[in-house]
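Written below as structure tokens is the structure these notes are about.
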Amino acid sequence: MYFLGFTWNPADTLFKIGVIQIKYYNLLWIIAFALGWYLMKKIFLKEKKSLEQLDSLFIYTVLATMLGARLGHVFFYDWPYYQNHLLEILLPIRESADSQLFGFINGYEFTGFTGLASHGAAIGIIIGMYLYTRKFPEFKILWILDRIVIPVSIGAFCVRLGNFFNSEINGKPVEKSFALATRFIRDSDDMPAYKALSITKEKTVNAAYNLIEKDPRYAEFLEAIPYRHPAQLYEGFCYIFVFAILYYLYWKTDKKDKLGYLFGLFLVLLWTVRFFVEYVKKSQGGFEESLGLLSTGQWLSIPFILVGFYYMFRPISGASKK
3 MYFLGFTWNP
13 ADTLFKIGVI
23 QIKYYNLLWI
33 IAFALGWYLM
43 KKIFLKEKKS
53 LEQLDSLFIY
63 TVLATMLGAR
73 LGHVFFYDWP
83 YYQNHLLEIL
93 LPIRESADSQ
103 LFGFINGYEF
113 TGFTGLASHG
123 AAIGIIIGMY
133 LYTRKFPEFK
143 ILWILDRIVI
153 PVSIGAFCVR
163 LGNFFNSEIN
173 GKPVEKSFAL
183 ATRFIRDSDD
193 MPAYKALSIT
203 KEKTVNAAYN
213 LIEKDPRYAE
223 FLEAIPYRHP
233 AQLYEGFCYI
243 FVFAILYYLY
253 WKTDKKDKLG
263 YLFGLFLVLL
273 WTVRFFVEYV
283 KKSQGGFEES
293 LGLLSTGQWL
303 SIPFILVGFY
313 YMFRPISGAS
323 KK
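Numbered by this note's numbering, the letters in the sequence shown go through residues 3 to 324 in order.
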């Protein structure tokens, strides 16, 4: 790996136990939730809230995030496929004619949970927090949302780093001379797995991709893979700044006392980042072809930004109790 045009070709799986695969992407999701629990614990202790209520909040958040992200991907980006593969919506499997699941279920392979949409996750978290406050009515939903956006913003960085390890959600082509130009050998459009296997005649995907990267016999195929913007890193590192701003405002100012302000600021900052990064990100599909002008991700970001401005500047004042 080297700058001024570098090649990115990591295996997406950290290790395997039988048919179960632990991928970098899944690991980074776990790290995101662990960081979220730690940060919310600090907040709950500061504000003298019950840690038993925090445990319930954690469960609500995990379920709401994963269900929302999954259903968001299904309905926003890939419904034409999933309407004919309903079993795959909530199960970590995918139809594959040559595969066998658990050694006896033909026609499927274990994939882990792939295909998650951040807009769906955001909607899921909001709904989850509403349901949480129904169970614990002593909490106001905006009080919860003002605080949970702090760990969510750093979690968003972890997710985008996971996308980078997966060589997914890559950017548009760019010149090799660009400082961060990245050649994603495992890009699903530039060099899909089936093509790599066909070219090299290898039996495993990792072996095939490694040959394409390092064996001079496949130099022409390597050179045909374009350099792209590492859009995941642009987005992810911007989310670190979103986290830093929210963290500072919560701990060092009285902005947390205006119900909805930190939640609104989070919506404006995070989805504005997403909106502009979309300009250098290759299409992720969805309904953009029917609407035109903007990408699916941009269209979905606009309502969140508008809602965020509303909560930032609505005429309300006074300290929040819960």
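Glycine included, each C-beta is placed from N, C-alpha and C at the ideal position.
A quick note: this is a predicted structure, and the numbers were derived from the prediction, not measured.
- The criterion of a C-beta distance shorter than 8 Å is not satisfied by Trp10 and Thr274.
- Residue pairing by DSSP places Arg149 opposite no residue, since no beta bridge is assigned to it.
- Within the same chain, Asn165, Ala233, Gln234, Lys283 and Gln286 come within 7 Å of Ile171 by CB-CB distance, once the 5 residues on both sides are set aside.
- Arg72 counts as buried, since at least 16 other C-beta atoms from the protein chains shown sit within 10 angstroms of its C-beta.
- Per DSSP, the continuous alpha helix (DSSP H) segment holding Lys48 begins and ends at Tyr26 to Lys48.
- Using a Cβ-Cβ distance cut-off of 8 Å, the region 306-315 and the region 189-208 are not in contact, since fewer than three pairs of beta carbons, one from each stretch, lie closer than that value.
- Membership of Leu296 in any beta strand (DSSP E) is not indicated, and neither H nor E is assigned to it by DSSP.
- Counting only the Cα atoms, Pro305 lies some 13 Å from Leu271.
- In this chain, the alpha helix (DSSP H) harbouring Arg72 covers Leu53 to Gly74.
- One alpha carbon belongs to Glu54, the other to Lys137, and they sit about 13 Å apart.
- In this structure, Val154 is the residue among Gly130, Ile22, Leu56 and Val154 with its C-alpha nearest to the C-alpha of Ile33.
- Judged by DSSP secondary structure, Phe17 falls within the beta strand (DSSP E) whose first and last residues are Thr15 to Ile19.
- Taking a cut-off of 8 Å on C-beta distances, the region 180-194 does not touch the region 39-51, as fewer than three cross pairs fall below it.
- Shown here for Thr135: same chain residues with a beta carbon closer than 8 Å to its own, the five before and five after excluded, namely Phe141, Lys142, Ile143 and Ile146 in chain order.
- Gly294 counts as exposed, since fewer than 16 other C-beta atoms from the protein chains shown sit within 10 angstroms of its C-beta.
- According to the DSSP assignment, Phe186 belongs to no alpha helix (DSSP H) but to the beta strand (DSSP E) extending over Thr184 to Phe186.
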